[in-house]
Every structure is written in structure tokens, then in C-alpha cells.
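Contents: one structure, followed by commentary.
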Amino acid sequence: MQLAGAEPPWAPAPILTAITAMLAAEPDLANGGIDQLVWNTGPGMAREFAAAWRAVGAIENAELLVELAHAYEQFTSEQGTEQIAADPVRAFFQFRKRVGGPWLASPDPHAELGEALLEWSLEHPNAFRQPADA
Numbered sequence: 001m002q003l004a005g006a007e008p009p010w011a012p013a014p015i016l017t018a019i020t021a022m023l024a025a026e027p028d029l030a031n032g033g034i035d036q037l038v039w040n041t042g043p044g045m046a047r048e049f050a051a052a053w054r055a056v057g058a059i060e061n062a063e064l065l066v067e068l069a070h071a072y073e074q075f076t077s078e079q080g081t082e083q084i085a086a087d088p089v090r091a092f093f094q095f096r097k098r099v100g101g102p103w104l105a106s107p108d109p110h111a112e113l114g115e116a117l118l119e120w121s122l123e124h125p126n127a128f129r130q131p132a133d134a
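My numbering applies: residue 1 is where the sequence shown begins, and numbers increase by one.
Structure below.
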């Protein structure tokens, strides 16, 4: 079997979606952590990441994203957009302090997703397209 000659998609949709979500989340995760990811992308995108990761079994970080999205909505509702816009860095650090970031009690998102992808693949072998010559 040669992947280079294979036609897309190379993996089932849940796997591709979860990997795409991780790639989109990567800059914020690397720069500041999962709380910064939620702050920078907003609660809607955080919930999309959560849904993608949950679909393949990366439950702990998916649940954390949903909790942080809710905390973000609550924080912005209490503070107001004008106050946040006046000093967004200060507002972010207030949010971070409220949610206990940046070192939140969850597994590393990359490690959890990697393990979840492997387990999902082993549990769903028929979801992968088989090469014609197999």
C-alpha cells in the first residue's frame, strides 16, 4: 500500500476533523495554553474544537474546552465588551486567574488526542478506505 498514490481522503472524517482542529489550535496552545486558545478563538470555535476531539475520544480536553467556553461567556457578560476592549491584556489575565490557567488539570492535548486517534482507529478499522490492491 502506498499512501503517496492514494486518493483523498486518507483517513475517515472524524480523524481528519480532529487533526485539523488540533492544527488550528496549535498556535494558541503552544503560545499560552488552552485558556488562551478559548480567549483568542472565542467560545464558538472552542466548542467546535471540543466536538471534533470528543468525536474521537479525546474527552478530557473536550470537556475542558466546553467549561472554558462557558467561563469565557460568563466573564465577558460580567465585564462587558467595552471594559475588555479598553485593556484586553489585563482582561485576559483576569480571565486566566478566574479559570486557574495556564496549567489546568487536564492531560496534554497532543498526547490525549494522539492516544484517542490510535484507539479510535483500532476500534473502527472498517472506517478506513481499503486500497484496491489489498
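For each residue, glycine too, the CB sits at the ideal point set by N, CA and C.
This structure is a prediction, so every number in the text was calculated from the model and none was measured.
Residue environment, D87, which counts as buried when at least 16 other CB atoms sit within 10 Å:
Burial state of D87 is exposed, judged by a 10 Å Cβ sphere holding fewer than 16 other Cβ atoms.
Which of the three DSSP states is assigned to H110 in this structure?
The three-state reading of DSSP puts H110 in helix, counting H, G and I together.
Let's test the definition: count the other Cβ atoms within 10 Å of the Cβ of R47 and tell me whether it reaches 16, buried, or not, exposed.
A residue is called buried when at least 16 other Cβ atoms come within 10 angstroms of its Cβ; R47 meets this threshold and is buried.
Compare the C-alpha of Y72 against each of V56, A55, R98 and A85 and name the closest.
Taking only the C-alpha atoms, the option nearest Y72 is R98.
Quick check: the Cα distance between G32 and E123, rounded to an integer number of angstroms?
Answer to the nearest angstrom: the Cα atoms are 33 angstroms apart.
Exposed unless 16 or more other CB atoms sit within 10 angstroms - verdict on V135
There is simply no residue 135 to check, as the chain begins at 1 and stops at 134 in what is shown.
Beta carbon of W120, beta carbon of P27: below 9 angstroms?
No, these two residues do not count as a Cβ contact at 9 angstroms.
Indicate whether P109 and I34 have their beta-carbon atoms separated by less than 9 angstroms.
Yes.
Anyone know if the C-beta pair for A69 and A18 falls short of 9 angstroms?
Judged by their CB atoms, A69 and A18 are not nearer to each other than the 9 angstroms cut-off.
For chain B, find out if any of its Cβ atoms is closer than 9 angstroms to the Cβ of M22; answer yes or no.
Chain labels in this structure do not include chain B; a single protein chain is all it has.
Can you look up F95 in the DSSP assignment and give me helix, strand or coil?
When secondary structure is reduced to three states using DSSP, F95 falls in the helix class.
Look at the alpha carbon of L118 and the alpha carbon of V38, and state the distance between them as a whole number of angstroms.
Spanning the two alpha carbons is a distance of roughly 26 angstroms.
Nearest to L65 by CA position, among A50, S77 and L23, is which residue?
Of the candidates A50, S77 and L23, the residue whose Cα lies closest to the Cα of L65 is A50.
With respect to 8 angstroms, is the separation between the Cβ of H110 and the closest non-hydrogen atom of the ligand ATP below this value?
The ligand ATP is not part of the structure shown, which contains no ligands of any sort.
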